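Okay, so the sequence shown: first residue is 0 according to numbering that gives the first Met the number 0, each after it adds one.
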Amino acid sequence: MKKDAPLIELLREYGVSRRGFLKFCSITASLMALPPTMAPAIARALEQARRPSVIWLSFQECTGCTESLTRSHSPTVEGLILDVVSLDYHHTLQAASGTAAEEAREIAMKENWGKYLLVVDGSIPLGNPGFSTIAGIPNVEMLKEVAEGAAAIIAVGTCAAYGGLPHAAPNPTGAVPVAEIVKEKPVVNVPGCPPIPVVITGVLAHFLTFGRLPELDGLGRPLAFYGNSIHDRCYRRPFYERGQFAETFDDEGARKGWCLFRLGCKGPITRNACATTKWNNGTSFPIESGHGCLGCSEPDFWDMGGFYNAVSEPAMESGTAVAWGLAGGALAGAAAGLLNRRERKAARASHQRVTVDDLKREE
Ligand code: SF4
Ligand code: SF4
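Pasting the structure below:
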């Protein structure tokens, strides 16, 4: 296969049926909140799309984002989207190592200057340049160097988007997200710990289709995938509205599938597509498996109090289901309004912050 062959040739080579491809385009249109009539336009654009060069840099991360991506239930078309891009440099997936790997990066940059996509997972330590290096080059230097020639940057995972776990208090490495370093290029955040595979490939599909990044919310996330909270689309929502909450993970309420809010579910303040796209080829998502949402696609989710503490307590007497239902309604209203940084800040302020001193006190 020629490096600049259009996608349609690649699809044929992989034996993807026309029907399967069109189905993928319909799902992508719906995920991107586009009308179904856009599916044929997406199909036409994707068929003729050329392989853009992608350089993938991994900094302070756990490789979970790459693991997530490689689980994008191949051999479906979203898996092929990755094959369509020319992944010229990726520490974990590339065969080359050492000097040859760095040469591959330099050649890809030179040949595709101004046109390649830069994907980053992991945060960047500023506390000491030596905390994390690749081929002896500090992360911050490599990021600046590669970002300079990129058409756009995709910060994959909560570490690259908002600092993630390395940024959690007390942030010993001085970890920062990509957007704090790169100011001159468009950066799209695809947070999640890890991010949903079809959301990663959906952003790539959008770039391939329209030649630009999708519309973003106030936190740099594609609105198409992060426009709703988990709570907005949660199938347990009717229980929440009726004030029916599981109190423990094995009580009658849990067995009946009641709302997990009191068990710490952060769905009302978390924007992500889990409740609609689900995981593992649409099989399930954490709430469906009986565990509350941890809020993994939101900034500072590690420091927002305990994972098993409810996000807020109702101001009124909480002894009745009605009180919880009313408080729940108020919280849902507040969650629906969390559209920009100012509101996020207010939400964060309403959470208890956990510090190292707190942990020591609990020992
Ligand atoms: S609080 Fe959590 S479990 Fe309950 S309805 Fe909202 S997202 Fe679903
Ligand atoms: S349900 Fe919540 S914590 Fe779980 S993956 Fe989705 S956004 Fe992250």
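C-beta: ideal position from N, C-alpha, C; glycine also. Model, not experiment: these values are computed from the prediction.
If you check the beta carbons only, do Arg232 and Ala274 fall under 8 Å apart?
yes
Taking Val202 as part of the alpha helix (DSSP H), name the residues at either end of that continuous run.
Pro196 to Phe209
Using a Cβ-based criterion (distance less than 7 Å to any ligand heavy atom), does His290 qualify as near ligand 1?
no
Runs of beta strand (DSSP E) wholly within the stretch 135 to 186 (minimum 3 residues, chain order):
149 to 155
Counting only beta-carbon atoms, is Asp87 nearer than 8 Å to chain C?
Of the protein chains in the structure, only one exists, and it is not chain C.
Three-way DSSP call (helix, strand, coil) for Ile229 in this model
helix
When the Cβ atoms of the stretch 177 to 186 are set against those of the stretch 134 to 152, are three or more pairs found closer than 8 Å?
yes
Count the other CB atoms, across all protein chains shown, that sit within 10 Å of the CB of Arg43; report buried if there are 16 or more and exposed otherwise.
exposed
According to DSSP, what are the bridge partners of Arg220?
For Arg220, which the question treats as bridged, DSSP gives no partner whatsoever.
Is the CB-CB distance between Ile54 and Leu117 below 8 Å?
Yes, the pair counts as a contact, with Cβ atoms nearer than the cut-off.
Are the CB atoms of Ile123 and Val155 within a distance shorter than 8 Å?
no
Inter-residue Cα distance where the pair is Glu66 and Pro193:
8 Å
Assign Arg261 to one of two classes, buried (16 or more other C-beta atoms within 10 Å of its C-beta) or exposed (fewer than that).
buried
Are there any heavy atoms of ligand 2 lying less than 7 Å away from the beta-carbon of Thr269, as far as the coordinates show?
yes
Other residues of its chain near Gly14: CB distance less than 6 Å, five sequence neighbours each side excluded:
Closer than 6 Å at the Cβ level, and outside the excluded window around Gly14, lies no residue.
Could you tell me the distance, in whole angstroms, from the CA atom of Leu33 to the CA atom of Ala167?
36 Å
In this structure, how does DSSP classify Trp301 when only helix, strand and coil are distinguished?
helix
Nonlocal neighbours in the same chain, by C-beta distance under 8 Å from Val181, ignoring five residues either side
Here the set comprises Leu142, Lys143, Ala146 and Ile152.
Using DSSP with H/G/I as helix, E/B as strand and the rest coil, what is Cys273?
helix
Gly328: buried (16+ other C-beta within 10 angstroms of its C-beta) or exposed?
Low confidence applies here, because Gly328 scores a pLDDT of 43, under 50, leaving its location unreliable and the question unanswered by this model.
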